[in-house]
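Structure first, then comments.
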Amino acid sequence: MLFADLFRHEADQRRIPAGQFLFRTGDPGDALYVLLDGHARVLVGERAVEEVEAGAILGEMSLVEHVPHSASVLAVSDCTFAAIDEKRFHRLIAQTPHFATEVMRIMAHRLRATNQLLSQE
Numbered sequence: 000m001l002f003a004d005l006f007r008h009e010a011d012q013r014r015i016p017a018g019q020f021l022f023r024t025g026d027p028g029d030a031l032y033v034l035l036d037g038h039a040r041v042l043v044g045e046r047a048v049e050e051v052e053a054g055a056i057l058g059e060m061s062l063v064e065h066v067p068h069s070a071s072v073l074a075v076s077d078c079t080f081a082a083i084d085e086k087r088f089h090r091l092i093a094q095t096p097h098f099a100t101e102v103m104r105i106m107a108h109r110l111r112a113t114n115q116l117l118s119q120e
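Here the sequence shown stands for residues 0 to 120, numbered as in numbering that gives the first Met the number 0.
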């Protein structure tokens, strides 16, 4: 599923200039974000844990768990993100089961990557 194509015309879009943060660790997790254009870096503390490009989703864990963000997202280049609030997120899951499966797949991938990082320390 190409999230960038699916959300390209989303009403709530946020443009983040290079060098600025979409969100920081500890910020409220009130939306899932889809990177529509640009290149961003996910940071845990000062450590870069993932580089993402158009189509990536971010902030899903905080939205699902109702907890603050556990990582920061830095725009490496000028970025455009679609913001999906909780109400819209639940509607998408109900209307598009494949969307829910893709979000779960991404969350599982990130959990596995985190486990691998922790086992290397």
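Don't be surprised by glycine CBs; every beta carbon is placed ideally from N, CA and C.
This one's a predicted model, so the numbers in the text were calculated from it and none came from an experiment.
- The way I'd put it, the region 91 to 101 doesn't touch the region 57 to 72; fewer than three beta-carbon pairs between them come closer than 8 Å.
- Annotation for residue 66: 28 place their beta carbon closer than 7 Å to its own, counting only its chain and skipping 5 residues before and after.
- Distance from the CA of residue 34 to the CA of residue 117, rounded to the nearest whole angstrom, comes to 27 Å.
- Fewer than three pairs of CB atoms, one per stretch, sit closer than 8 Å, so the region 84 to 94 makes no contact with the region 36 to 49.
- For residue 108, the enclosing alpha helix (DSSP H) begins and ends at 96 to 119.
- Of the candidates 51, 53, 69, 69 places its Cα closest to the Cα of residue 45.
- Beta-bridge annotation (DSSP): residue 8 is not paired with any residue.
- In the DSSP secondary-structure assignment, residue 15 is bridged to 78.
- Just so you know, the alpha carbons of residue 119 and residue 109 end up roughly 16 Å apart.
- Taking the Cα of residue 83 as reference, the smallest distance to any Cα among 31, 76, 115 is reached at 31.
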